[in-house]
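Enquirer: I'd like to ask you about the structure that follows.
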C-alpha cells in the first residue's frame, strides 16, 4: 500500500509543469503556430481593410492677455469713455469654454454635421464631405433628436432615386421599402421621412483618373443633435501647450481631413463670436437705449415742425428774428443756457426712470448720456463693471455664492447712491432753470410790444431747437457706441492653422499586426498547454522515470502522419476488433535511420540484461492494452538481432488475430496445427523471412475457436524447449495482458518479458498497475519498451489499431 502511495506521489511530481518541456512541445508543433499566425494576421489585415483611415489635425491658439501693456490694450484704455471694458483672461476657463457642448452645438449646427454622407466601398463605406460630396441634403420635418436615413442613387442630368428609407419612431427604427424619384435642386421632396431638399454641392470636385470612379450611390444618415454633439465633442481634444503659456493645442481625429479642419476653424470662430458678444453687452444695452430715445424724439420733433408750419400758415406770422434781434439778444443767451440745463434735466429724468424700472434691476446702466456730472458718470461706470463681474461669477457658480451675495449688496448700495445723486442733480437743475427763467422773463419784458403770436411762435421754435439739439446729440452718441462695438477685438490669435500628417493615425497597422501575431502565438500555446494539462496519456520517456521496472529503450514515431492519424493520437477512438495491426518493417540491413538505431539500442540493453544468465533467450512481448505495437516491436527487434548474425524465431502467439503472421503472408498452417496435435514437426511450419538472413516466423495458421485451451495443453512448452536448442533468440508475440488469459499461460514457458507501452495510448494511471505487475513478479524478468514517442526534431507516423 505504501509502495502504491509512493508511486502515486512520484507520478504527480513528474506531472509538474516544466517550461523546458512545454517549449519543446511547442517547437514540435511549429506548424500549429505557423497556421495560427497566418490566420490571425489575415484577420488583422481584413480588420484594417474594413476600417476607414483616421487622420489627425491640430492647431495652436493663443489666448490674448487683455491686461497686457501696449497694442490693443492701450487703445482700449484710450477709448474707455466710449464704454470699452477690459478684463483679465484665465486661460483655463477659456480652455473649458472651447471644449464646451454649447460651442460644439453651434459648430454642428453651422456645418450641418448632424447629416452624414458615405458611399459603399470594397471593404468599408467611404465618408463623403466637402469637395468629394456631390449633393447636400436637408431634412425639414424631423425633430432635433430624431434619426432617419436613406440612399441616393445618382443618375444622369441631375436625376436621383431615393430608396431604403428608415425612420426612428417610439417603437424603434422603422424600415420603409419605397423608391422616390426626384431631381437635384427641385425643391422639397415628399418622402417617407418627411420633406427633404437635395441641392448640388458647389464645392464638389469630380474625381479624375481610371482608379477614381465617380460617386453613384450615397448613404445619407441623419443623427440626433445631442448624439452628434457628444460624438464630435469626444473627437476634439483641447489642452495647454505648456503650463506656463497661454497657448492651447486644439486637435481632432476624423476620417475626413477636410471636415476636421472645418470643425477646428469653426470652433475658434464660434468661440470668438461668443467672446465679442459677451464683451459688447454694455455697448448693446447703450445702443438699445439710444435707439429707443431717437425714435421718441424723432416723433416729437416732427410734431413740433408741423405745429410751427401750421401756425405760420394760418396766422401769416412774419419773420420776427431780425426785428427783435436786439431785444432778443439777452433772451437768446438765457435760452441757450436753459437749453443746456433742459437737456441735462431730460437725460437725468430718463436715467432716473430707467433705474426705477424693476425690469432693469440686473441690466447695465447706459453711459455717456450727457447728464453733465463727471462724478455721476464715474459712479455709473463703476456700477456697470461691478454688475458684469457679479454676473460672470454667478454664471460659473450660483446666486447663493457668498461672493455673489456680497456683490449684490454692493450693487444695491451703489444703485441707491446713483438714484440719490440723480435726484439731487434734478433738484439742482430745476433750481438753476427757475433762476434762468426769471432772468429770461426780465429780458422778455422788454419785448412787451411784441404780439401774442410772435411770443407763441418763439416758444414753439424754442421746443424745436431743444428737440433738434437732443436728436443730434443722440446721433453722435450712437456712432460712438457703434465704434465701441466694432473696436472689441477677438480674444484669440491662431499661431498654427490646422495641419497634420498625410499618414493616418488609425488603424495602426503595425500595432494590429503585432497584436495578431501575439494572439497567433498565444492561441496555439494555450491550446497546447490545455491539451498537455488535460492529457492523461503517456507521451515520453519522462513519464516512466518513476517506475521501478527496468527501461529497455524507446522507439520513436517516424514517417508521415495524416490528419486523421494526428487526431486519433490526440483523441484515441475504438476501432474494429477484427482490424489487423498494420506492421511496418523498419529495420533493414544497412539502415541508419532513427528507428533502426533505436532498435539497436533496445537490442544492446536486452543483451546487457541477459548477459551471464543461462536460458534467457525466450522473450515474451506483451502490453497492457491493444494497439501498442507488439507485433511491430517483435518483428523489428528480431530483425535487429538477425542483423547481428543471430538465429532468431518470431512466434505469433496471438492465436486470435495473428498480426505477426502478416510478415509471411498468413499461411494456412502454423502454431495452431502443432498445438492441436495435427503434426509434431513444428520445423515444417516455420517460414523464413525473405531478405532477413537467420530470421524465421512461426505463424498461427488457421484461427482456432479455443485458443486458450490449446495454449494450456502443454504443447507450447514442449515446442519452446525444443526451439531453444535451435535458435539464439525466440520472441513470442502475445496478446495484451489482462485482456485474455493467453499471456498468463505462455508466461510460464518464457525466460523474459518485454512490456510494450504505447505513447499516446496508455493512460498514465495505468503505469502504477504495470509497476505493480513488475513488483509482484507476475512476469519473469520484465522490462519496459516505450513505443511511438515524438521528439521535437522527428516526425510522427500513424497508429496501428488494436484488439477488441
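Numbering (our numbering), first residue to last: 5 to 808. By construction, the Cβ of each residue, glycine as well, lies at the ideal position given by its N, Cα and C atoms. Since this is a predicted model, take the numbers as computed values, not measurements.
1. If we require 4 or more residues per run, which alpha helix (DSSP H) segments fall completely within the segment 754–792?
2. Return helix, strand or coil for residue 672, following the three-state DSSP convention.
3. Looking at residue 723: is its Cβ nearer than 8 Å to the Cβ of residue 678?
4. Whole-angstrom Cβ separation of residue 634 and residue 737, contact assumed at under 8 Å?
5. What separation, rounded to the nearest whole angstrom, lies between the Cα atoms of residue 313 and residue 288?
6. Confirm, please, whether the CB-CB distance from residue 621 to residue 733 is below 8 Å.
7. Does the beta-carbon of residue 713 have 16 or more other beta-carbons within 10 angstroms, so that it is buried, or is it exposed?
8. Which same chain residues, not among the five before or five after residue 429, have their C-beta less than 7 Å away from its C-beta?
9. Output the boundary residues of the alpha helix (DSSP H) element that contains residue 50.
10. Just list the residues that DSSP pairs residue 143 with in beta bridges.
11. Check residue 22 in the structure and name its three-state DSSP category.
12. In terms of residues, what are the limits of the beta strand (DSSP E) holding residue 221?
13. Starting from the C-beta of residue 791, find all residues in its chain whose C-beta is less than 8 Å away, skip the five residues before and the five after it, and write them out in chain order.
14. Would you mind giving the Cβ-Cβ distance between residue 60 and residue 257, rounded to the nearest angstrom? I have them listed as a contact below 8 Å.
15. Closest to residue 769 by C-alpha separation, out of 629, 740, 716 and 688, would be which residue?
16. Less than 6 Å between C-beta atoms, sequence neighbours within five positions excluded: which residues of the same chain meet that for residue 54?
17. By DSSP's criteria, residue 63 is part of a beta bridge. Which residues make up the other side?
18. Count Cβ pairs between the segment 44–51 and the segment 545–553 that sit closer than 8 Å; are there 3 or more?
19. Taking 8 Å as the limit between beta carbons, can you name the residues of its chain near residue 144, skipping five residues before and five after?
20. What did DSSP end up calling residue 707 once you bin it into helix, strand or coil?
21. Residue 403: which of 285, 366, 702 and 701 sits nearest, CA to CA?
22. Where does residue 341 fall in DSSP's three states?
23. Tell me the DSSP secondary structure of residue 834 in three-state form.
24. Can you grab the Cα-Cα spacing for the pair residue 655 / residue 781, in whole Å?
25. Between which residues of its own chain and residue 232 is the CB-CB distance below 8 Å, once the five residues before and five after are set aside?
26. Please work out which residues of its chain come closer than 8 Å, Cβ to Cβ, to residue 477, disregarding the five sequence neighbours upstream and downstream, and give them in chain order.
27. Can you tell me which residues form a DSSP beta bridge with residue 736?
28. Could you name the residues of the same chain whose beta carbon sits closer than 7 Å to that of residue 696, not counting the 5 residues immediately before and after it, in chain order?
29. Could you spell out the range, first to last residue, of the beta strand (DSSP E) harbouring residue 556?
30. Using a Cβ-Cβ cut-off of 8 Å (strictly less than) and excluding sequence neighbours within five positions of residue 548, which residues of its own chain qualify?
31. Can you give, in chain order, each stretch of the alpha helix (DSSP H) that sits fully within the segment 372–417 and has at least 4 residues?
32. How many Å lie between residue 432 and residue 355 at the Cα?
33. Determine the contact status of residue 237 and residue 63, defining contact as a CB-CB distance below 8 Å.
34. Specify the secondary structure class of residue 311 as computed by DSSP and reduced to three states.
35. Can you tell me where the beta strand (DSSP E) with residue 153 in it begins and where it stops?
36. For residue 22 and residue 28, what's the separation of their Cα atoms in angstroms?
Expert: The relevant details are as follows:
1. 770–779
2. coil
3. yes
4. 6 Å
5. 37 Å
6. yes
7. exposed
8. 352, 375, 377 and 380
9. 34–53
10. 200
11. coil
12. 221–226
13. 558, 559, 632, 633, 636, 637, 760, 761, 762 and 763
14. 5 Å
15. 629
16. 127 and 128
17. 254
18. no
19. 192, 198, 199, 200 and 201
20. coil
21. 366
22. helix
23. Here the chain has residues from 5 to 808 only, and residue 834 is not among them.
24. 23 Å
25. 112, 117 and 118
26. 347 and 374
27. 624 and 655
28. 643 and 646
29. 555–560
30. 542, 555, 761, 771, 788 and 790
31. 378–400
32. 16 Å
33. no
34. helix
35. 152–158
36. 10 Å
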